[in-house]
Amino acid sequence: MRILKMCACCGKPFIAIKNKQVYCCRKCFKKMYRKRMKEVENRLPSWVCQYCGEKINLTFDPRKEFDLWKELKCNNCGKEAMSDNSDFI
Ligand SMILES: [Zn+2]
Ligand SMILES: [Zn+2]
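The opening residue of the sequence shown carries number 40 in the numbering used here; numbering runs sequentially from there.
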């Protein structure tokens with residue numbers, strides 16, 4: 040199967056062999072992959088309370104602001120985030 044497509048990274052047209060292919064070359068694929076990883080890294084995580092299932096979007100980065108993370112409590116049931124060994128996601 041050969042389809043003419045536009046690269047999702049550089050915008051150049053290319054011949055895709057597979058339908059799923061969205062980048063013209065390995066280089067573009069890697070470039071976008073790295074960009075996506077960076078976005079994930081910079082995104083603030085959220086925490087789901089193990090007791091009531093309440094999801095809290097954190098306004099700080101718990102990997103950097105450990106003191107704030109230690110003091111975080113569930114909005115709904117008041118359990119501390121640290122107390123159940125749960126991790127942020
Ligand atoms: Zn490209
Ligand atoms: Zn809770």
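Ideal placement from N, C-alpha and C gives every residue a C-beta, glycine not left out.
Local conformation of residue i per DSSP, three classes
| i | result |
| --- | --- |
| residue 14 | Absent from the structure is residue 14, since the part of the chain shown begins at 40 and ends at 128. |
| residue 114 | coil |
| residue 43 | strand |
| residue 87 | strand |
| residue 77 | helix |
| residue 94 | strand |
Residue i and residue j closer than 8 Å at C-beta
| i | j | result |
| --- | --- | --- |
| residue 95 | residue 86 | yes |
| residue 113 | residue 93 | yes |
| residue 62 | residue 71 | yes |
| residue 21 | residue 56 | No answer is possible for residue 21: the residues shown for the chain start at 40 and end at 128. |
| residue 90 | residue 67 | no |
Buried versus exposed call for residue i [16 or more other C-beta atoms within 10 Å across all chains shown]
| i | result |
| --- | --- |
| residue 43 | exposed |
| residue 47 | exposed |
| residue 83 | exposed |
| residue 88 | buried |
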